[in-house]
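Residue numbers (our numbering): 75 to 330. Ideal placement from N, C-alpha and C gives every residue a C-beta, glycine not left out. This report concerns only the one structure given below.
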């Protein structure tokens, strides 16, 4: 609301986005939103930003790029990192045991299986020896963790609301403990996107990843046939002509 008052002619706001490292329990039934907030550390690694739009003032809403305004005098407003940022929870550590030593320490105060988290490697996207350095932008935000921004009382209320939602949703109780696809997808995305300096050969996505057969995994996959209309040079609108679910008994390979 404050930004809207400060910039009355803004069609939307673009925020810088920074990679953030979080630690959570591997078991969904032991997941703690407050522990996630307390463990989150903002890294000095800049990613393409994201936007918040006023839908009355834009034609389109793209994930990482400004929309097209349709009224004269309106424009997308870039929000400085000193005012606010988006956090990108890309570096996600899942451990089998977490002890919270101190909720307000100066560094990471979480222990996994009796050892500091620095003794544990993250998912493959954090391990790749060919990982490209992301653009760095020094800023005081990188001296902070999310818990320094969200008050303890707000964190407590968020945890209570999460507990209520979790208890009322049976599907949460049935989530698997064994992680199968996250390391595979993370490693694949590292190779097809980040290792290519974010200039992929084709649109990055799971269809470009090899997923080995998993005979004990039953998976429903949404498939569709699309047609398109040309709106203008270089601008095509695709829409589904046929959609269906295909059930596999040996994993989630998306290729025919």
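Roughly how far, in whole angstroms, is the beta-carbon of residue 297 from the beta-carbon of residue 320, given that I think they are within contact range, below 8 Å? Taking the first residue of the chain shown as position 1, residue 297 is located at position 223. Taking the first residue of the chain shown as position 1, residue 320 is located at position 246. Indeed they touch by this definition, with Cβ atoms about 6 Å apart.
Whole-angstrom distance between residue 118 and residue 158, CA atom to CA atom: Position 84 of the chain shown, counting from 1, holds the residue named residue 158. Position 44 of the chain shown, counting from 1, holds the residue named residue 118. Distance between the alpha carbons of residue 158 and residue 118: 14 Å.
Could you tell me whether the stretch 291–305 touches the stretch 264–279, using the rule of 3 or more Cβ pairs below 8 Å? no
CA-CA distance, residue 295 and residue 161? Taking the first residue of the chain shown as position 1, residue 295 is located at position 221. Taking the first residue of the chain shown as position 1, residue 161 is located at position 87. Those two C-alpha atoms are separated by around 30 Å.
Three or more C-beta pairs under 8 Å: does that hold for the stretch 251–270 against the stretch 106–125? no
Cβ shell of residue 89 (< 8 Å), same chain only, five flanking positions each side left out: Here the question's residue 89 lines up with position 15 in the chain shown. Contacts found: 123, 124, 125, 126, 153, 158, 159, 160.
Burial state of residue 253, where buried means 16 or more other Cβ atoms lie within 10 Å: Here residue 253 refers to the residue found at position 179 when the chain shown is read from its first residue. Result: exposed.
Please report the distance separating the alpha-carbon of residue 293 from that of residue 326. In the chain shown, counting from the first residue as 1, residue 293 sits at position 219. In the chain shown, counting from the first residue as 1, residue 326 sits at position 252. Roughly 5 Å separates the two Cα atoms.
Counterpart residues of residue 84 in DSSP-defined beta bridges: Here residue 84 corresponds to residue number 10 of the chain shown, with the count starting at 1. According to DSSP, residue 84 bridges with 149.
Between residue 277 and the ligand GDP, is there a pair consisting of the residue's CB and a ligand heavy atom that are separated by less than 7 Å? The ligand GDP is not part of the structure shown, which contains no ligands of any sort.
Buried or exposed, going by whether 16 or more other CB atoms sit within 10 Å of the CB of residue 241? Taking the chain shown and counting its residues from 1, one reaches residue 241 at position 167. Label assigned to residue 241: exposed.
On the three-state DSSP scale, how would you describe residue 130? For the purposes of this step, residue 130 is identified with residue 56 of the chain shown, where counting begins at 1. Coil at residue 130, not helix or strand.
Which value, in whole angstroms, describes the spacing of the CA atoms of residue 306 and residue 146? Numbered from 1 along the chain shown, position 232 holds the residue referred to as residue 306. Numbered from 1 along the chain shown, position 72 holds the residue referred to as residue 146. If you take the alpha carbons of residue 306 and residue 146, they lie about 22 Å apart.
Which one or two residues does DSSP pair with residue 314 in a beta bridge? The sequence position of residue 314 within the chain shown is 240, counting from 1. Residue 314 is bridged to 300.
With DSSP collapsed to three states, give me the class of residue 111. Against the chain shown, residue 111 aligns to sequence position 37. If DSSP states are grouped into helix, strand and coil, residue 111 belongs with the helices.
Check residue 167 in the structure and name its three-state DSSP category. Against the chain shown, residue 167 aligns to sequence position 93. The answer is strand: DSSP assigns residue 167 an E or B state.
Quick check for students: name the residue ranges of the alpha helix (DSSP H) that lie wholly in the stretch 236–284, counting only runs of 4 or more. 244–247, 255–266
State the DSSP-derived secondary structure class of residue 103, mapped to helix, strand or coil. The residue given as residue 103 occupies position 29 in the chain shown. Residue 103 falls in the helix class under three-state DSSP.
Cutting at 7 Å between CB atoms, please list the residues of its own chain near residue 179, excluding the five before and the five after it. As a working note, residue 179 is residue 105 in the chain shown. Because the pLDDT of residue 179 is 32, which lies under 50, any placement of that residue in the model is unreliable, and the question is left without a value.
For residue 222, the nearest candidate out of 102, 329, 116 (CA to CA): Looking up residue 222 in the chain shown gives position 148. The option with the nearest alpha carbon to residue 222 is 116.
Since residue 120 and residue 92 should fall inside the 8 Å C-beta cutoff, what is the C-beta to C-beta distance between them, to a whole number of angstroms? Here the question's residue 120 lines up with position 46 in the chain shown. Here the question's residue 92 lines up with position 18 in the chain shown. At roughly 6 Å, the Cβ-Cβ gap stays under 8 Å, so residue 120 and residue 92 are in contact.
Using the C-alpha atoms, what's the distance from residue 129 back to residue 316? Reading the chain shown from its first residue, position 242 is the one you call residue 316. Reading the chain shown from its first residue, position 55 is the one you call residue 129. So the alpha carbons of these two residues sit roughly 29 Å apart.
Comparing alpha-carbon positions, which option in 286, 169, 310 lies nearest residue 324? Taking the first residue of the chain shown as position 1, residue 324 is located at position 250. Nearest of 286, 169, 310 to residue 324, Cα basis: 286.
Three-state class that DSSP yields for residue 294 in the structure shown: Against the chain shown, residue 294 aligns to sequence position 220. Three-state DSSP puts residue 294 in a strand.
Spell out the partners DSSP gives residue 93 in its beta bridges. As a position in the chain shown, residue 93 is number 19, starting the count at 1. Answer by DSSP bridge pairing, in chain order: 162.
6 Å Cβ shell around residue 310 - same chain, five flanking residues per side excluded: Reading the chain shown from its first residue, position 236 is the one you call residue 310. Once the five neighbours on either side are set aside, the close Cβ partners of residue 310 are 302, 304.
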